[in-house]
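The numbering used here applies: residue 3 is where the sequence shown begins, and numbers increase by one. Here a beta-carbon is modelled for each residue, glycine too, at the ideal position from N, C-alpha and C. A short write-up of the structure that comes next.
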Amino acid sequence: MANKIRKAVFPAAGLGTRFLPATKASPKEMLPLVDKPLIQYAVEEAVASGIESILIVTGRDKTAIEDHFDISFEMEHMLKERGKNNLFAEVRAVSDLARISYTRQKEALGLGHAIYQGKDFVGDEPFAAVLADDIVDAEVPALKQMIKVYEKYDAPVISTMQVEGEAISRFGVIDADEVEPGVYKINDMIEKPLFAEAPSDLAIIGRYILTPDIFPAIEQTAPGAIGEIQITDAMRKLLKSRPFYALKLEGKRHDAGDKLGFLIATVELALKREDLGDEFRRYLKSLDLDK
Numbered sequence: 003m004a005n006k007i008r009k010a011v012f013p014a015a016g017l018g019t020r021f022l023p024a025t026k027a028s029p030k031e032m033l034p035l036v037d038k039p040l041i042q043y044a045v046e047e048a049v050a051s052g053i054e055s056i057l058i059v060t061g062r063d064k065t066a067i068e069d070h071f072d073i074s075f076e077m078e079h080m081l082k083e084r085g086k087n088n089l090f091a092e093v094r095a096v097s098d099l100a101r102i103s104y105t106r107q108k109e110a111l112g113l114g115h116a117i118y119q120g121k122d123f124v125g126d127e128p129f130a131a132v133l134a135d136d137i138v139d140a141e142v143p144a145l146k147q148m149i150k151v152y153e154k155y156d157a158p159v160i161s162t163m164q165v166e167g168e169a170i171s172r173f174g175v176i177d178a179d180e181v182e183p184g185v186y187k188i189n190d191m192i193e194k195p196l197f198a199e200a201p202s203d204l205a206i207i208g209r210y211i212l213t214p215d216i217f218p219a220i221e222q223t224a225p226g227a228i229g230e231i232q233i234t235d236a237m238r239k240l241l242k243s244r245p246f247y248a249l250k251l252e253g254k255r256h257d258a259g260d261k262l263g264f265l266i267a268t269v270e271l272a273l274k275r276e277d278l279g280d281e282f283r284r285y286l287k288s289l290d291l292d293k
């Protein structure tokens, strides 16, 4: 029987260069989608999937993430004094979301290296790894879908989606056989292949269920051409000794780490909001988009 997934590692030490200059002094993970930062959406997903403890791997100039999930005594006191009880409850709920701890990745040496910073936190348990700029809008939380597959097959699970055309070269890509609808047994995987060399149109996206034997595999993985240790290369090494599965998630994935993807996510999530959706929809319909 598969061990329960209780822990999650959130790599959040990247430089956010795709959003400069906005990320010059503010973490990319704190960019707001409507009125919540990216990383809060991902933490809420993890908690809704049964995760109990979270490790956020940060870097320099990322203290805003810690502050966001901490208690803000001054703000809470002000809100209570002014009778803004709903806002007080909303702010306090953020700090009560989960048990969150932090560690520093002193150099941005790739996703594999970032996940490796969670070795002591994870111990000998299976765990989730979550990239906050992948927002998955789904009725059943993305991690919860993956945990169900992990529990059935007792093996690591990565999330995947279909990507058409040359855009596939921006992702890790799997070669896999479908074993049930939306679930694949992986034969091989490759990091950012040339379009002509991609083994399929199934790209790896930012949700992983991993087992602790990934850490020795990361230790044995050499840095790539730009000096980064890629998690895809470490998983490929581990694939030689154990099965891996992939799940095509139900729901819509937004690449909020990309400017256009961020704008699309903002619009779509705003339209679903009860307090904003109707008025925002009327505004969008009023625009002359042919100008």
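Sort out for me which residues DSSP pairs Glu180 with in a bridge.
-> Tyr186
Jot down the residue ranges of each uninterrupted beta strand (DSSP E) in the segment 29-82, minimum 3 residues, whole runs only, in chain order.
-> 55-60
Does DSSP put Ala10 in a helix, a strand or coil?
-> strand
In the DSSP assignment, find the beta strand (DSSP E) that holds Ala24 and state where it starts and stops.
-> First-last for Ala24: undefined, no H or E at that position.
Look at the alpha carbon of Thr162 and the alpha carbon of Lys293, and state the distance between them as a whole number of angstroms.
-> 37 Å
Can you tell me the Cα-Cα spacing of Lys274 and His256, whole angstroms?
-> 15 Å
Cβ neighbours of Gln119 in the same chain (closer than 6 Å, five flanking residues each side left out) = Val59, Thr105, Gln107
Can you pull the DSSP bridge partners for Glu193?
-> For Glu193, which the question treats as bridged, DSSP gives the partners Gly174.
What span of residues does the beta strand (DSSP E) with Thr162 cover, start to end?
-> 159-164
Buried versus exposed call for Arg284 [16 or more other C-beta atoms within 10 Å across all chains shown] = exposed
Could you give the distance in angstroms between the alpha-carbon of His70 and the alpha-carbon of Lys26?
-> 18 Å
Between the segment 127-134 and the segment 34-54, do three or more beta carbon pairs fall short of 8 Å?
-> yes
By how many angstroms is the C-alpha of Val11 removed from the C-alpha of Asn5?
-> 17 Å
Going by CA-CA distance only, name the one from Arg62, Glu68, Met80, Leu262 that's closest to Ala100.
-> Glu68
Straight-line Cα distance separating Val175 from Ala66 | 33 Å
Enumerate, from N- to C-terminal direction, the unbroken beta strand (DSSP E) stretches of 3 or more residues contained entirely within the segment 228-286.
-> If only complete runs of 3 or more residues are kept, the segment 228-286 shows the beta strand (DSSP E) at 247-250, 254-257, in order along the chain.
Quick one: what's got a C-beta closer than 6 Å to Leu81's C-beta in the same chain, skipping five residues either side?
-> Leu89, Phe90
Taking buried to mean at least 16 other C-beta atoms within 10 Å of its own C-beta, is Ser1 buried or exposed?
-> Since the first and last residues shown for the chain are 3 and 293, residue 1 lies out of range.
In terms of residue numbering, what span does the beta strand (DSSP E) encompassing Asp122 cover?
-> Here Asp122 belongs to no beta strand (DSSP E); instead the alpha helix (DSSP H) covers 121-124.
Which residue or residues does DSSP assign as beta-bridge partners of Leu204?
-> Gln164
Can Ala144 and Arg209 be called in contact, C-beta distance under 8 Å?
-> Yes, Cβ-Cβ distance for Ala144 and Arg209 is below 8 Å.
Three-state secondary structure assigned by DSSP to Ala131 = strand
Assign Arg209 to one of three DSSP states: helix, strand, or coil.
-> strand
Determine contact between the segment 222-237 and the segment 143-157, defined as no fewer than three beta-carbon pairs at a distance below 8 Å.
-> no
Go ahead and pull the three-state DSSP assignment for Val343.
-> Because residue 343 is not part of the residues shown, which for the chain are 3 to 293, the question remains open.
Thinking C-beta only, is Phe246 closer than 8 Å to Ile160?
-> yes
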